[in-house]
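Student:
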Amino acid sequence: MVFTVYNSLTRQKEPFQSLQAGTVRMYNCGPTVYGRAHIGNMRAYLFADTLRRWLEYRGYAVQQVMNITDVGHIQADADEGEDKIEAQAKKENKDPWAISRGWTELFFKDLQALGVRPAMIYPKASDHIPEMLEMIDGLLAKGYAYQVDGDVYYEVGRFPAYGRLSGNKVEELDAGARIEVREEKRHPADFALWKSDPRHLMKWKSRFGEHGFPGWHIECSAMSRKHLGNRIDIHTGGEDNIFPHHECEIAQTEAFTGQPFANFWMHCKFLQVDGGKMSKSLGYVWNLDDIRARGFDIRALRYCLIRGHYRAPLNFTWEILKESVSALSNLDDLVVRLRNASRGMGASASAEDGLEEVSDLIAEFESGMDDDLNTPRALAALFQLRTAVLEGRLGVSAAAAALQFVLKANSVLGVIRTEEANLAAEVEALIAARQEARKRKDFKESDRIRDTLLAQGIVLEDTPQGVVWKQKG
RNA sequence: GGCGGCAUAGCCAAGCGGUAAGGCGACGGAUUGCAAAUCCGUUAUUCCCCGGUUCGAUCCCGGGUGCCGCCUCCA
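Once you know that position 50 of the first sequence is 50 in my numbering, the rest is easy, because the numbers rise by one and skip nothing.
In structure tokens, the structure reads:
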């Protein structure tokens, strides 16, 4: 099987191939740290995490880089010379550096809570000003950029491929009424590489002046180049990054290096809430604490976010999150069942039974993931595996093989509770006591024990083969 | 105005030319001391609407409608 991915650049699915055999160099667009990341942002980071995990499952060593944008960008009313981080700093009456530091820490905590594996490095824009200036100098020298007083702009017209990723045409962009025409620009679509403004709080000295700061797009070009080299395999981001951000990155990097930048561009669609856009004014912008405040495990959110394909819009409601809890606990249960069956309990009489079915389902899981990370298909294969154990179609060998597989599959999905709880001794004693009580028809006592265990999160199940226990939720 | 995506059961969500996966929920029955879990059965004659191509369309083409994204910071 070949891992096939949808490449935004070519608008079609292509077999994935890395530049260097066995290694994947991947850059993920990360957060701008001026506020709390919400569950929509999480979808994008989880998508990158799933991609990384699947590549690892397929045997690649993945060099993953995710940027932290701590410099901030100019807001719509650029006349103010203010960016989002500075605006937040003024609002909170704090130092902008403290703002970005605080949100960065929270960002990492949120990722950890979601079970996202850490990237190799999380470069900060503010640590890469020299690298950005180096590229800006190079672009000026090659004639792709021009200077107007203390500002430097990228001249879009000099890069013929500009618009290839987004499908936008420079002439059409011109027609769009929403681009603010700035007199000093040669073309309205030209974008800033460097800006000068003494009022800016986060500023650096350069040959363009005492008080300057970088444009938004240049940081990713500079940081991916520094940490992954001139050419990379995959670049990811949310669908909103396609234009202008990624379009501009391509223009900058390729003009500077003279080489193709990323071979594969992958973008995930937005998460919707109640079937509509996540809207701050409607109060629909949830973060991890909101999920917790409603009594949900973050694990359930992770399930909720991978239950749909990354390239289709996904809807979020509290009802759906509740459904996710049930579905996920059945996946947890799958592991318990397989573990029991692999030890003979509930297994089919013949040890070899079900081996073929298990290998078919493994193939189904893998071909789903190979098909542009089709997590819903992969999940469906797992649920079918559950039906197979419950219906007693798996023998001891098949159950053991299936268990191994589910553990491996979970190294990609990262949602299932797979560890075996180790309070077995006490539980076994209580279960035995309950069985004694049931034998005596002392149901008051047996129910009391059952309730006691339930209060500890242990659910008992009376089966013809005996009593099975498992952890709840 | 330009560019792109999505529309499948009560709620989610795969499939994308050969006659509708999977999950959650619901209902009926079995099992149980009672539960839970589990088992059996039922839950879309049909895939937003209208045309067209085809032996055949949820899947292709044309036209609508609705929602989402980008063109301005945004996952």
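Ideal Cβ placement from N, Cα and C applies to all residues, glycine included.
Would you kindly check if the distance between the Cβ of residue 35 and the Cβ of residue 486 is under 8 Å?
Tutor: Only positions 1 to 473 of the chain appear in the structure, and residue 486 is not among them; the question remains open.
Student: DSSP state of residue 199, grouped into three classes?
Tutor: coil
Student: Which of helix, strand or coil does DSSP assign to residue 292?
Tutor: DSSP places residue 292 in helix when its eight states are reduced to three.
Student: With distance defined between alpha-carbon atoms, name the residue in 193, 64 and 201 nearest to residue 214.
Tutor: 193
Student: Mind the definition here: the region 226–240 touches the region 19–30 only if three or more C-beta pairs lie below 8 Å; say whether that holds.
Tutor: yes
Student: Use the C-beta contact count for residue 263: other C-beta atoms within 10 angstroms, 16 or more gives buried, fewer gives exposed.
Tutor: buried
Student: Nearest to residue 139 by alpha carbon, out of 444, 218 and 99?
Tutor: 218
Student: Can you tell me which of the three DSSP states residue 164 falls into?
Tutor: Note: residue 164 maps to coil in three-state DSSP.
Student: In the DSSP assignment, find the unbroken beta strand (DSSP E) run with residue 17 in it and report its ends.
Tutor: Premise fails: residue 17 is in no beta strand (DSSP E) and is neither H nor E.
Student: Under the rule that 16 or more other beta-carbon atoms within 10 Å means buried, what is residue 203, buried or exposed?
Tutor: buried
Student: Please say whether residue 389 and residue 341 have beta carbons closer to each other than 8 Å?
Tutor: yes
Student: Assuming contact is defined by CB atoms lying nearer than 8 Å, are residue 279 and residue 253 in contact in what I supplied?
Tutor: With respect to the 8 Å criterion, residue 279 and residue 253 are not classified as neighbours on the basis of their beta carbons.
Student: If we call anything under 8 Å between Cβ atoms a contact, is residue 125 one with residue 70?
Tutor: A contact, by the Cβ cut-off of 8 Å.
Student: Is residue 266 helix, strand or coil by DSSP?
Tutor: strand
Student: Nearest-angstrom Cα distance between residue 474 and residue 2?
Tutor: What the structure shows of the chain is the stretch from 1 to 473, and residue 474 is not part of that stretch, so it cannot be assessed.
Student: Where do the ends of the beta strand (DSSP E) carrying residue 320 lie?
Tutor: It is not in any beta strand (DSSP E) - residue 320 instead sits in the alpha helix (DSSP H) that spans 318–342.
Student: Locate the alpha helix (DSSP H) running through residue 138, then write down its first and last residues.
Tutor: Counting along the chain, the alpha helix (DSSP H) containing residue 138 begins and ends at 129–141.
Student: Consult DSSP for residue 11 and reduce its assignment to one of helix, strand or coil.
Tutor: coil
Student: With contact counted as at least three CB pairs below 8 Å, one residue from each stretch, are the region 351–366 and the region 305–315 in contact?
Tutor: no
Student: Between 113, 112 and 117, which lies nearest to residue 54 when the distance is taken from Cα to Cα?
Tutor: 117
Student: To the nearest angstrom, how far is the alpha carbon of residue 177 from that of residue 205?
Tutor: Any answer about residue 177 is weak, because its pLDDT of 46 lies below 50 and its placement is not dependable; what the coordinates show is given next. Roughly 34 Å between the two C-alpha positions.
Student: Check whether the Cβ atoms of residue 500 and residue 346 sit closer than 8 Å, and answer yes or no.
Tutor: Within the shown structure, residues of the chain are numbered from 1 to 473, placing residue 500 beyond reach of any answer.
Student: Got a sec, what are the start and stop residues for the beta strand (DSSP E) residue 147 sits in?
Tutor: That run of the beta strand (DSSP E) goes 145–148.
Student: Would you mind working out which of 394, 465 and 332 sits nearest residue 410, comparing C-alpha positions?
Tutor: 332
Student: Can you say whether residue 452 is buried or exposed, counting buried as having 16 or more other CB atoms within 10 angstroms of its CB?
Tutor: Residue 452 should be labelled exposed.
Student: Alpha carbon to alpha carbon, what distance is there between residue 187 and residue 365?
Tutor: 50 Å
Student: How many angstroms separate the CA atom of residue 21 from the CA atom of residue 413?
Tutor: Rounded to whole angstroms, residue 21 to residue 413 spans 25 Å at the Cα level.
Student: Count the other C-beta atoms from every protein chain shown that fall within 10 angstroms of the C-beta of residue 100, then say buried if there are 16 or more, exposed otherwise.
Tutor: Around the beta carbon of residue 100, 16 or more other beta carbons lie within 10 angstroms, which makes this residue buried.
Student: Between which residues of its own chain and residue 496 is the CB-CB distance below 7 Å, once the five residues before and five after are set aside?
Tutor: Since the displayed the chain opens at 1 and closes at 473, residue 496 lies outside it and no answer follows.
Student: What first and last residue would you give for the beta strand (DSSP E) that runs through residue 206?
Tutor: 204–206
Student: Which residues bound the beta strand (DSSP E) around residue 26?
Tutor: 23–28
Student: Beta strand (DSSP E) containing residue 214: first to last residue?
Tutor: Start and end: 209–214.
Student: Would you tell me roughly how many angstroms separate the C-alpha atoms of residue 454 and residue 52, rounded to the nearest one?
Tutor: A direct Cα-to-Cα measurement between residue 454 and residue 52 gives close to 38 Å.
Student: Distance, Cα to Cα, residue 102 vs residue 133?
Tutor: Each residue's Cα considered, the two are about 27 Å apart.
Student: Relative to the C-alpha of residue 195, which candidate in 211, 328 and 201 has its C-alpha closest?
Tutor: 211
Student: The alpha helix (DSSP H) with residue 104 in it runs from where to where?
Tutor: 96–114
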